[in-house]
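For the record, the sequence lines run as chains A and B.
One point on numbering: in this note's numbering, the residue at position 416 of the first sequence is 416, and numbering is uninterrupted.
One point on numbering: in this note's numbering, the residue at position 117 of the second sequence is 117, and numbering is uninterrupted.
Ideal placement from N, C-alpha and C gives every residue a C-beta, glycine not left out.
So the structure is just underneath, and the comments pick up after that.
Protein chains: 2
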Amino acid sequence: MSVKHSHLYAVILAGGSGTRFWPLSRALFPKQLLQVVGGKGDGSLLQQTVRRALRVVPARCTCVVTSAAQADAVRLQLSDWHDALVDNVVLEPEGRNTAPAIGLAALWLLRRDADATMLVLPADHVVKGDRAFRQAVSLGYQLAQQGNLVTFGIHPTTPNTGYGYIQPNRRSCVGRLGALSGYAVERFVEKPDLKRARLFLKAGGYVWNSGMFMWRVDALLEAYARHQPGLIKALRAIDTMMQAGQPADRIARHYRRLESVSIDYGVMERSSRTAVVPVDFVWSDIGTWSSLNSVAHRDRRGNVVRGNVVDLDSERSVLWATKRLVGTVGLSDMVVVDTPDATLVCPKSRSQDVKTLVDMLRKRAAPEQLEHVVVYRPWGSYTVLEEQPGHKVKRICVLPGQRLSLQMHYQRSEHWVVIAGTARVTRGRTVFDVGQGEHVLIPKRTKHRLENQGMSPLEIIEVQSGAYLGEDDIVRYHDDYGRSARHVSGKVVP
Amino acid sequence: MSVKHSHLYAVILAGGSGTRFWPLSRALFPKQLLQVVGGKGDGSLLQQTVRRALRVVPARCTCVVTSAAQADAVRLQLSDWHDALVDNVVLEPEGRNTAPAIGLAALWLLRRDADATMLVLPADHVVKGDRAFRQAVSLGYQLAQQGNLVTFGIHPTTPNTGYGYIQPNRRSCVGRLGALSGYAVERFVEKPDLKRARLFLKAGGYVWNSGMFMWRVDALLEAYARHQPGLIKALRAIDTMMQAGQPADRIARHYRRLESVSIDYGVMERSSRTAVVPVDFVWSDIGTWSSLNSVAHRDRRGNVVRGNVVDLDSERSVLWATKRLVGTVGLSDMVVVDTPDATLVCPKSRSQDVKTLVDMLRKRAAPEQLEHVVVYRPWGSYTVLEEQPGHKVKRICVLPGQRLSLQMHYQRSEHWVVIAGTARVTRGRTVFDVGQGEHVLIPKRTKHRLENQGMSPLEIIEVQSGAYLGEDDIVRYHDDYGRSARHVSGKVVP
Numbered sequence: 001m002s003v004k005h006s007h008l009y010a011v012i013l014a015g016g017s018g019t020r021f022w023p024l025s026r027a028l029f030p031k032q033l034l035q036v037v038g039g040k041g042d043g044s045l046l047q048q049t050v051r052r053a054l055r056v057v058p059a060r061c062t063c064v065v066t067s068a069a070q071a072d073a074v075r076l077q078l079s080d081w082h083d084a085l086v087d088n089v090v091l092e093p094e095g096r097n098t099a100p101a102i103g104l105a106a107l108w109l110l111r112r113d114a115d116a117t118m119l120v121l122p123a124d125h126v127v128k129g130d131r132a133f134r135q136a137v138s139l140g141y142q143l144a145q146q147g148n149l150v151t152f153g154i155h156p157t158t159p160n161t162g163y164g165y166i167q168p169n170r171r172s173c174v175g176r177l178g179a180l181s182g183y184a185v186e187r188f189v190e191k192p193d194l195k196r197a198r199l200f201l202k203a204g205g206y207v208w209n210s211g212m213f214m215w216r217v218d219a220l221l222e223a224y225a226r227h228q229p230g231l232i233k234a235l236r237a238i239d240t241m242m243q244a245g246q247p248a249d250r251i252a253r254h255y256r257r258l259e260s261v262s263i264d265y266g267v268m269e270r271s272s273r274t275a276v277v278p279v280d281f282v283w284s285d286i287g288t289w290s291s292l293n294s295v296a297h298r299d300r301r302g303n304v305v306r307g308n309v310v311d312l313d314s315e316r317s318v319l320w321a322t323k324r325l326v327g328t329v330g331l332s333d334m335v336v337v338d339t340p341d342a343t344l345v346c347p348k349s350r351s352q353d354v355k356t357l358v359d360m361l362r363k364r365a366a367p368e369q370l371e372h373v374v375v376y377r378p379w380g381s382y383t384v385l386e387e388q389p390g391h392k393v394k395r396i397c398v399l400p401g402q403r404l405s406l407q408m409h410y411q412r413s414e415h416w417v418v419i420a421g422t423a424r425v426t427r428g429r430t431v432f433d434v435g436q437g438e439h440v441l442i443p444k445r446t447k448h449r450l451e452n453q454g455m456s457p458l459e460i461i462e463v464q465s466g467a468y469l470g471e472d473d474i475v476r477y478h479d480d481y482g483r484s485a486r487h488v489s490g491k492v493v494p
Numbered sequence: 001m002s003v004k005h006s007h008l009y010a011v012i013l014a015g016g017s018g019t020r021f022w023p024l025s026r027a028l029f030p031k032q033l034l035q036v037v038g039g040k041g042d043g044s045l046l047q048q049t050v051r052r053a054l055r056v057v058p059a060r061c062t063c064v065v066t067s068a069a070q071a072d073a074v075r076l077q078l079s080d081w082h083d084a085l086v087d088n089v090v091l092e093p094e095g096r097n098t099a100p101a102i103g104l105a106a107l108w109l110l111r112r113d114a115d116a117t118m119l120v121l122p123a124d125h126v127v128k129g130d131r132a133f134r135q136a137v138s139l140g141y142q143l144a145q146q147g148n149l150v151t152f153g154i155h156p157t158t159p160n161t162g163y164g165y166i167q168p169n170r171r172s173c174v175g176r177l178g179a180l181s182g183y184a185v186e187r188f189v190e191k192p193d194l195k196r197a198r199l200f201l202k203a204g205g206y207v208w209n210s211g212m213f214m215w216r217v218d219a220l221l222e223a224y225a226r227h228q229p230g231l232i233k234a235l236r237a238i239d240t241m242m243q244a245g246q247p248a249d250r251i252a253r254h255y256r257r258l259e260s261v262s263i264d265y266g267v268m269e270r271s272s273r274t275a276v277v278p279v280d281f282v283w284s285d286i287g288t289w290s291s292l293n294s295v296a297h298r299d300r301r302g303n304v305v306r307g308n309v310v311d312l313d314s315e316r317s318v319l320w321a322t323k324r325l326v327g328t329v330g331l332s333d334m335v336v337v338d339t340p341d342a343t344l345v346c347p348k349s350r351s352q353d354v355k356t357l358v359d360m361l362r363k364r365a366a367p368e369q370l371e372h373v374v375v376y377r378p379w380g381s382y383t384v385l386e387e388q389p390g391h392k393v394k395r396i397c398v399l400p401g402q403r404l405s406l407q408m409h410y411q412r413s414e415h416w417v418v419i420a421g422t423a424r425v426t427r428g429r430t431v432f433d434v435g436q437g438e439h440v441l442i443p444k445r446t447k448h449r450l451e452n453q454g455m456s457p458l459e460i461i462e463v464q465s466g467a468y469l470g471e472d473d474i475v476r477y478h479d480d481y482g483r484s485a486r487h488v489s490g491k492v493v494p
């Protein structure tokens, strides 16, 4: 059963950093790109969110807002669906909180459809209950047509201090659908302290602000014009620059000057036309490792266990392995997360402080804060198997029909052994194919290119040898993805 | 200052499994082979023990007893010293507790020197205080010449239930040296329960049985003849078989039938000629991760920290990283040990139970119980960087002057890229050298050999590709180390 509403668009916010989900999430590969909940085939939180959106709008009416640094990984995940989805990626030069991101998406949408209604979905939330979700969207759509700025509220189960609270005006019902009702908002309360949160829970009637919204684009832009006139003016200028195809660094310079303000604080709390729909689906923003408890499967001792874990007597813990073996004995209320290059151990009660730990890593410029061992590129991905003075070993995966740039290195030679598929190799002036089990040497100072013309992924083991193996020893002659020594976080992208 | 005693020999027991030190120790690479304490250059516990022995005896008078499975790794560690040390390795077919191991070493020693005095040192203990150690050995030597079977006792600091206790007969002093005294033994007490251990500590005068011993070989063999006549008869037969060069599997069959009995229970407790020297050096058998506390450096919060650890607020914990990053938040009295293929998380109070966890792994035939990612061989070592269906990537290190067997694989091809040194390669009927940065392909069904004729280690990256990559796809034509499809724990050794 699919509900269709005319001129409805879904805007998925996929720019978050998910710091507290380290080491599974990284600055360049945040929480929304991970499969945190669900079984095989359910895909990442982003993919689960896209699937949810596609229940209420067609692919061409879905748009994903993300930052330039995460764009490759996001596009790769969207490529499972219709091309329209990949085309509808709106790029923020960098994350500047929700008001700029939503404003940018609104301007993008306005150009396509002046009559648009916009459903905003954060990409890193878990929602369980499709039918209830679609029901809520239908009521939201109805309220949005009346000119309301609609929020969706979650019935609180704990005095959580990590969420904003909304008090609906129960005497002012603005719409009904089945068992659902929408109300005018009495007031918004920013993240309260524990004492107030307990009071709200006891008083009843308050709901958590889910971060999902719905409005007509014209109503939203009117609210921006009234409450954030400086921001919307700057966003319009940036939108024009983007349309004119101005250089990315120039646009980024302007974007960086925008005030980092949330849609809640900057627009919703100031507006008189806000409504809230208290919903009845299971929801979590899985803000920390400990919040997994409410949405992930637990064993009979209350542990959330994933991967190659051998445990003796642990209880109420998150035990998360990716590939290597994790052995645990007698843990209570602990979080253990193991990834190929970094491990976290932390009591559940301290899981908010993982953010502080990641800040410490950032200050040390630790790569484990920024990237995974697996790094995604528009042409595929690579995994560093070993890096030592004098040599580096990578497994490289090139997607069907894709190719790396035509490039050259001054200081390293590269040996490629094809382990799956067939490689079309350019070396100097010759072009030839290298099949599975075959190999080729690319001497230093030799122009070369790696390409997959096959129908299945090409996988090679690359052994680099040389005195200097930095990713910035690269001269790029031609690139399909418009990258000419583009810098991401100070690193050159191969 | 070196103390010399005529006819003195050191016998180092290096056969322990160190199960409770998993994942740093493995069945084939136990605790004594690890650098658990000390700084760079101090080497493994075995190497530290050898160095300690060499303070009181020359290299040719030092012998190491170990099991066949650990022999390669032990010999590799001994090769830093005089060749005599490597020659003096006595191989038990498998570990059968201390009485068989010490008996075997005594028979080996007797053949060299009927007048020998034997200092027994476990390879996996920590001793701090060279001068005090040498002093204790000197007094022990003196008592051994009187015909005593000498033990060394440690002044207890806690009511430890993991050690045997010894009550010296303080009225029967059998020797003195400086501030040290030796006494006849009043009685031996096997590992007591906590209540009794507390009583001993309160009563005073009791000492821990350190597991270090000293005696004349003739006195020891007399005691074996009296208290373990069956064992010594069987050991003499096995010693004769070894001398006659009988097949290893036949000797192993006999050895496996020996009773697994400790020297303490089987000989010392039954003898009337025992003496004890209470010593004053710092000692630990570092039986568990939590015992590291007493011998390893602690930071100001009481943590023992090693490797790439980033911590926020932890206290009294062991935080042990080998290569990858370990991030910890707010841990108290925890043990976190990270190795390239396995991670342990366990409260200190449960560190005895790591043994149970390892038993669970053994039952599952988990390789992480048996071996490290780095595997030692007589010719050097290899490290598995990645193993997936269809391919396996290894870094192989061949020591100067060593070579692998002349071999052939039916189902896999191998690509070698030299990253350090020069490889002498035999491929089919041709022999050629491959230098750093060069590469070579060994097709399947091709006889080949890898050899290092240089003065520095040879390192190569090997990429195996094929449908079947088991270590048992190997035909060996010639091997310098007398291995013809020798099996260790069901696996064929390359």
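Within-8 angstroms CB hit, residue i to chain A
i, result
"M360 (chain B)", "yes"
"L399 (chain B)", "no"
"T343 (chain B)", "yes"
"V493 (chain B)", "In this prediction, V493 (chain B) scores a pLDDT of 42, lower than 50, which makes its location untrustworthy; the coordinate-derived value is nonetheless stated afterwards. Chain A contact via Cβ: absent."
"A420 (chain B)", "yes"
"P23 (chain B)", "yes"
Residue i vs residue j beta-carbon contact at 8 angstroms
i, j, result
"Q135 (chain B)", "L76 (chain B)", "no"
"A105 (chain B)", "H82 (chain B)", "no"
"M214 (chain B)", "V150 (chain B)", "yes"
"Y376 (chain A)", "D72 (chain A)", "yes"
"G162 (chain A)", "A101 (chain A)", "no"
"N148 (chain A)", "T19 (chain A)", "no"
"V277 (chain A)", "S284 (chain A)", "no"
"L143 (chain A)", "T49 (chain A)", "no"
Range of the contiguous alpha helix (DSSP H) that encloses residue i
i, result
"W283 (chain A)", "No alpha helix (DSSP H) holds W283 (chain A); the beta strand (DSSP E) holding it covers 282-284."
"Q70 (chain A)", "That residue, Q70 (chain A), is in no alpha helix (DSSP H); it is neither H nor E in DSSP."
"L220 (chain A)", "217-227"
"G103 (chain B)", "98-112"
"D130 (chain B)", "130-145"
"I251 (chain B)", "248-256"
"D338 (chain A)", "Looking at the DSSP string, D338 (chain A) is not in any alpha helix (DSSP H); the run it does join, the beta strand (DSSP E), is 334-338."
Within-8 angstroms CB hit, residue i to chain B
i, result
"T356 (chain A)", "yes"
"E368 (chain A)", "yes"
"T328 (chain A)", "yes"
"R20 (chain A)", "no"
Residue i, enclosing beta strand (DSSP E) - first and last residue
i, result
"P347 (chain B)", "342-347"
"E368 (chain A)", "Where E368 (chain A) is concerned, there is no enclosing beta strand (DSSP E), although the alpha helix (DSSP H) it sits in stretches over 367-370."
"K394 (chain A)", "391-398"
Given residue i as reference, the closest of the options once Cα atoms are compared
i, options, result
"Y165 (chain A)", "A:G140, A:Y265, A:S413", "A:Y265"
"L8 (chain B)", "B:G466, B:E387, B:D285, B:M118", "B:M118"
"V431 (chain A)", "A:A296, A:L385, A:L450", "A:L450"
"P457 (chain A)", "A:T422, A:L441, A:A197, A:V373", "A:T422"
"L312 (chain B)", "B:H297, B:T328, B:A123", "B:T328"
"K394 (chain B)", "B:R403, B:R256, B:V417", "B:V417"
"L139 (chain B)", "B:F152, B:Q453, B:Q436", "B:F152"
"N97 (chain B)", "B:L231, B:P278, B:G178", "B:L231"
What residue ranges within the stretch 266-328 of chain A form continuous beta strand (DSSP E) runs of no fewer than 3 residues, ordered along the chain?
-> The qualifying runs are 274-279, 282-284, 304-306, 309-312, 318-320.
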